[in-house]
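Position 196 of the sequence shown, counted from 1, bears residue number 684 in the working numbering, the numbering being contiguous throughout. Note that the Cβ used here is the ideal one computed from N, Cα and C, for glycine as well. Notes follow once the structure below has been shown.
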Amino acid sequence: MAWFRAASSIAKHAVRRNIYRGRSYYHVARTTAVPIPPASRNFHTTTFKSKAESAPVPRAVPLSKLTDNFLDGTSSVYLEELQRAWEADPNSVDESWDNFFRNFVGQASTTPGISGQTIQESMKLLLLVRGYQVNGHMKAKLDPLGLEERKVPDELDPAFYGFTEADLDREFFLGVWRMSGFLSENRPVQTLRSILTRLEQAYCGSIGYEYMHIPDRDKCNWLRDKIETINCSPDWNIFSHEVLSDRLSWSTLFENFLATKWKSAKRFGLEGGETLIPGMKEMFDRAADLGVESIVMGMAHRGRLNVLGNVVRKPLRQIFCEFSGGQPQDEVGLYTGTGDVKYHLGTSYDRPTRGGRRLHLSLVANPSHLEAVNPVVVGKTRAKQYFSNDVDRKKNMGVLIHGDGSFAGQGVVYETLHLSALPNYTTGGTIHIVLNNQVAFTTDPKAGRSSQYSTDVAKALNAPIFHVNGDDVEAVVHACELAAEWRQTFHSDVVVDLVCYRRFGHNEIDEPSFTQPKMYKVIQNHPSALEIYQKKLLESGEVTQQDIDKIHKKVMSILNEEFLASKDYVPKRRDWLSAYWSGFKSPEQLSRIRNTGVKPEILKNVGKAITILPENFTPHKAVKRIYEQRAKMIESGEDIDWGFAEALAFATLLVEGNHVRLSGQDVERGTFSHRHAVVHDQATGEQYCPLDHVISNQNEEMFTVSNSSLSEFGVLGFELGYSMENPNSLVIWEAQFGDFANGAQVIFDNFLSSGESKWLRQTGLVVLLPHGYDGQGPEHSSGRLERYLQMADDNPYVIPVMEPTLRKQIQECNWQVVNVTTPANFFHVLRRQIHREFRKPLIVMSPKNLLRHKDCRSHLSEFDDVQGHPGFDKQGTRFKRLIKDQNNHSDLEEGIRRLVLCSGKVYYELDEQRRKQDAKDVAICRVEQLCPFPYDLVQRELKRYPNAEIVWCQEEPMNMGAYTYVLPRLITSLKALGRGGYEDINYVGRAPSAAVATGFLSVHLKEQAELVQKAIQPEPINYPY
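Below, the structure is given as structure tokens:
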């Protein structure tokens, strides 16, 4: 890049001196690009500053202001003085100038046929080439509809640099050290005409390249070689033409067939962008040749059916069956879920390539929320790399297909791009294909983005961008192959911007001419890409009409055969994307409940391993004290706190061979400084993670704890995708504060809570949402518990089978929501995620002040599996869905006047108030698992206290928290026991509120004291009056 800086600097003062001595032979509008005003920022219209308004000729620069380094040279006079000095003695000038003169002056003076090539002309040639490299895409023929109104920048006009028609057949040397392409050393002399011809071919054809923003010489040189060197251009032969013609025919005729059979059905067809299919196929073939074995894909609805049928090879009869409304038959023992529309579904297939390899393709199911699937695909790809030991990230690759409007407009695009180079999130590069319709639904680009191209956001990540005319199938294929080569060479993201159009608007029953009349008048008479390509092949003599008819007949014959077969096709219910899930139970298959206790000796051993820091390691004194306290905890077995219980859960799972991954904002230390999973040496800055050393020769990624970027949507989506690959992994995302999960609501709503029901895809993802009222104000108090409970799909008026050997309650629910109050119970609920034969998402309202609460402690005996220890009951040691009153009540306590049911940290405040008032006639039970509701245990407590007044107590306002979820389920429990109904359940908590909490500490303390006192008061509650 150094010569570019030099050329730009010199050009400011020298190059324009001879411009316009004569008229340009090269007839283009001479313009200088300026920022595009908002009204015209789109693909079709780009405004420019005219030549008449260009900057004035610069003044001369005094010699005293100049330096003697090539990179700083700014004057033609100075250049001439340096040249004379160099000719007299090459050692008298700076080394950079010596290199420069050797390449230009030395070459020019000794090469026959080059006469009078001055330094200024050399620099002008450099700038001319640079102009094409930087701005050639502005002149490229990208719009298949020919509606673009872009003017050509000055930098692409030879007259701008002072060249005239008389210079066309002059020969010039053009070469720079450490450069590639046109500027490589030892290139033969060329006429200006041949140089311009090649530049036009390279940069102004059907592909427009943007790569000069990349601050890496090697990467730019690699691309220059691929773009500017003739022998790197694609070599199309008869076989290649036949393959492309066949693939483009499949893409086009598939859409035509669907349009004929289902005229009024929405299918979001690919008409206008059919070249995507041959482009993807060639990309995948090339990627496979370069070592890729598995590709994970994500895309929106447009063209999805075509990709499913022609790229991923989903059976055509299954696609046709779905169009006809086919659904899985109701068979005993098979879970169908709710299903989803056909253009949201995913599948997987092992696809043979032209190179004789097999490539595993999986298309991830996704909702209509555009781009939401992006981080899911990237996370799943990263998980594949871990489980296949793909350390170099060459075997597993992600491919994302975007829309132009959503790529520019959806924030999750940047959130996902931003993960691409982070150590614990990188996948070694994702290939992005933008299916550029040149309109987003009905919105023109000028109203949909502020940048010239929809892909400009990718420049922030220094990704190369290949804009390509979607009507030129050979150009599309070349751009896609180049993208695959880039990804496998540099392991970073790359973008293919496939500029096309939508023949039938947003969907087939839409009327696009309402809002784009001019565009659709052109589209009406525009030939398809297949027609254009067939015409080209016929004119060149490459194929005959008979060849074309033969392909057409073959494709239509297969399509008709599959259509007939679809009428008898019975859809399969399960299509797990990974063999790792073999044997896991679906909701209707009974899975036995397992104990989660650990042998005492294992607990002791791992506990010691994770409390030892290396010798000569200098932790912060406070952190050192924490680790010393943990060592005492494991030695004595007493006062185990929350942070250490979590670490023990991770360590015991690692010993059992499970992968553990925890990510989120500041999770290494923990928002509340309770975790300290990564310890920093205060002297050297070196980092040490004790959980990386639980077993000998532990894989460095077997336990991963990673601070994430400041993203919720992107990172939660990533972890969701990661968790879907292999069930033998505990994957956790922690929000900095519970309500920060608001930024990821799309993932919760459309993937996590409903993914199994819609797509039959299980995940055991754990979400930790810090929650609790501590007086920190409206934004740091609530994890919005009510939202997750509202999305639960258990029926509040039907008590399911609760007998332990027959219970499928959790399996049949869409997810679990817990509000845990003891370190031991937290230990067990994490381990329960792995020790079962199915997977369910787990939402944890994790504590804040309980992390250090003096009473929130557990004994080591509550973690083990020893009979007779406190955590062991008649079923073994497990997570306790409900913790009964801790006053050793008998099975029947008729003297208890009030039963307070609560959840979370408010229990400790209630218990303290009860002790203060010596209210021994009040029982307090903690509902640790809110969803699915523990009917059996709640009814057990209702039976234990037959005369008790029933109270639900919570910190949250009445319209938030668990109250609206618990109330109908409590009523159902009471009615089943003949204990009454709605009027027999009293509420104690804050009044309904718009804001989550008060912002005034004094008000918070007053409210908290009142609700705790009211729950324990001797008088009846008399709610709601």
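| Item | Value |
| --- | --- |
| Sequence-distant residues of its chain with Cβ nearer than 7 angstroms to G761 (five each side left out) | G791, L923, G958, L986, C988 |
| Start-end ranges of the beta strand (DSSP E) lying completely within the region 1279 to 1317, minimum 3 residues | 1304 to 1306 |
| Contact set for I1020: own chain, Cβ-Cβ below 6 angstroms, skip 5 residues either direction | D959 |
| Spatially closest choice to Y1451 from T943, P1480, V677, T1140, by CA coordinates | P1480 |
| Cut-off 8 angstroms between Cβ atoms - residues of its own chain near I718, not counting five sequence neighbours on either side | R686 |
| Residue span of the alpha helix (DSSP H) that contains G797, given as start and end | 792 to 798 |
| Burial state of K1368 (16 or more Cβ within 10 Å) | buried |
| C-beta atoms of L796 and T748 nearer than 8 angstroms | no |
| First and last residue of the uninterrupted alpha helix (DSSP H) at L613 | 607 to 623 |
| Backbone secondary structure at E1509 - three-state DSSP | Checking the displayed sequence, the identity of residue 1509 turns out to be Ile instead of Glu. Three-state result, I1509: coil. |
| When S856, N912, L736 are compared against I1039, the one with the closest alpha-carbon | L736 |
| Burial state of A948 (16 or more Cβ within 10 Å) | exposed |
| Beta carbon of R1414 nearer than 8 angstroms to that of M1446 | no |
| Rounded separation between I1235 and T841 - CA only | 34 angstroms |
| Local Cβ density within 10 Å of D723, reported as buried at 16 or more and exposed below that | exposed |
| G1131, buried or exposed, once every other Cβ within 10 Å from all chains shown has been counted against 16 | buried |
| Close Cβ partners of H1181 (< 6 angstroms) along its chain, the five nearest in sequence each way excluded | none |
| Straight-line gap, Q1077 to E1325 (C-alpha atoms, nearest Å) | 10 angstroms |
| Three-way DSSP call (helix, strand, coil) for I695 in this model | strand |
| Own chain residues within Cβ distance below 8 angstroms of E1516, not counting five before or after | Summary: the structure shown does not reach residue 1516, with the chain confined to residues 489 through 1513, and so no result is reported for it. |
| Segment contact, 8 angstroms Cβ cut-off, at least three pairs: the region 1145 to 1154 with the region 1217 to 1237 | yes |
| Beta carbon of A967 nearer than 8 angstroms to that of I695 | yes |
| Beta carbon of L851 nearer than 8 angstroms to that of V800 | yes |
| Residue from V581, T1460, P632 whose Cα sits closest to the Cα of L1018 | P632 |
| Burial state of Y1246 (16 or more Cβ within 10 Å) | It should be pointed out that residue 1246 corresponds to Lys in this sequence rather than to Tyr. Buried, since its Cβ has 16 or more Cβ neighbours within 10 Å. |
| For T918, the first and last residue of its enclosing beta strand (DSSP E) | 918 to 924 |
| Opposing strand residues paired with N1474 [DSSP bridges] | V1439 |
| The region 1370 to 1380 touching the region 1261 to 1275, judged by at least three CB pairs closer than 8 angstroms | no |
| Sequence-distant residues of the same chain with beta carbon closer than 6 angstroms to S980, five excluded per side | G917 |
| Proximity below 8 angstroms, CB of M1044 to CB of L764 | no |
| Continuous beta strand (DSSP E) assignments of at least 3 residues falling wholly in the region 1444 to 1494 | 1473 to 1478 |
| Segment contact flag, the region 1294 to 1305 with the region 1323 to 1343, C-beta cutoff 8 angstroms, min 3 pairs | yes |
| I1371 Cβ short of 7 angstroms to the ligand MN heavy atom set | The ligand MN is absent from the structure shown, which contains no ligands of any kind. |
| Cut-off 7 angstroms between Cβ atoms - residues of its own chain near N798, not counting five sequence neighbours on either side | W738, S739, F742, I765 |
| Close Cβ partners of K629 (< 7 angstroms) along its chain, the five nearest in sequence each way excluded | G693, S694, N957 |
| F954 versus L616 - alpha carbon distance | 21 angstroms |
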